[in-house]
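Participant: Here it is, the structure in full.
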Amino acid sequence: MKKFLMLHGINLNMFGKRDPVQYGTITLAEIDGKLRSLAKELGVEVVSFQTNSEGVMCERIHQAFVEKVDAVLINAGAWTHYSYGIRDALAILTVPIVEIHMSNIHAREEFRHHSVFAEIVKGQICGFGVDSYLLGLRAAVSATVKVKKR
């Protein structure tokens, strides 16, 4: 069974309490539950991880490389816009990476418009609330399907 790693970054443990206008009232546990349900439907496994520590996030990404996960989904929160350490850790991976954001980062404050991960991820999904996660998982599964040679 293919294994996918969902990385949740800084402050995302506060979903459900943090800025409901931007993020709604869904909790991180509820998001992870929806991901697990969809993963089961798609015949894959999703393991979720959240930290507010940048170094711990880098170490978990290194572990994903050793574990040979099939793809990584990441909502790094504010780290998206400035963490070259996380970017460099992600660049070590040889599997598809899908960047996810609940809010539309391009319609928010100017500093949020830029992602330091953009050059190394397969794609970005933002602005669809919890559906960004579900769309991201579908995209990651699709990206791992090997194309049959004719």
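Per our numbering, residue 760 is the first one in the sequence shown, and the count goes up by one each step.
Where is the CB? At the ideal position from N, CA and C, for every residue including glycine.
In this text the structure is predicted, and so the values were computed from the model without any measurement.
Quick check on the DSSP output: the beta strand (DSSP E) that includes residue 799 runs from which residue to which?
Facilitator: Note, residue 799: premise wrong, no beta strand (DSSP E); alpha helix (DSSP H) at 787-801.
Participant: Which partner residues of residue 832 appear in the DSSP bridge assignment?
Facilitator: The partner list for residue 832 (beta bridge, DSSP) reads 765, 857.
Participant: Taking all protein chains shown into account, do 16 or more other C-beta atoms lie within 10 angstroms of the C-beta of residue 821, making it buried, or fewer, making it exposed?
Facilitator: By the neighbour-count rule (16 or more Cβ atoms within 10 Å), residue 821 is not buried but exposed.
Participant: Compare the C-alpha of residue 880 against each of 868, 778, 848 and name the closest.
Facilitator: Of the candidates 868, 778, 848, the one whose C-alpha sits nearest the C-alpha of residue 880 is 848.
Participant: Does the distance from the CB of residue 788 to the CB of residue 763 come in under 8 angstroms?
Facilitator: Not in contact: residue 788 and residue 763 (Cβ atoms no closer than 8 angstroms).
Participant: Can you give the Cα-Cα distance for residue 795 and residue 827, rounded to whole angstroms?
Facilitator: Answer to the nearest angstrom: the Cα atoms are 19 angstroms apart.
Participant: Can you look up residue 807 in the DSSP assignment and give me helix, strand or coil?
Facilitator: In this structure, residue 807 counts as strand in the three-state DSSP scheme.
Participant: From the DSSP output, read off the bridge partner residues of residue 885.
Facilitator: According to DSSP, residue 885 bridges with 860.
Participant: Could you check the C-alpha separation between residue 793 and residue 893 for me, to the nearest Å?
Facilitator: Taking the straight line joining both Cα atoms gives about 8 angstroms.
Participant: Do residue 846 and residue 875 have their CB atoms nearer than 8 angstroms?
Facilitator: Yes, they are a contact pair.
Participant: Give a yes or no on whether the C-beta atoms belonging to residue 769 and residue 836 are separated by under 8 angstroms.
Facilitator: Taking 8 angstroms as the Cβ cut-off, residue 769 and residue 836 qualify as a contacting pair.
Participant: Beta carbon of residue 851, beta carbon of residue 885: below 8 angstroms?
Facilitator: No.
Participant: Measuring straight from C-alpha to C-alpha, what distance separates residue 819 and residue 767?
Facilitator: The straight-line gap from Cα to Cα measures roughly 11 angstroms.
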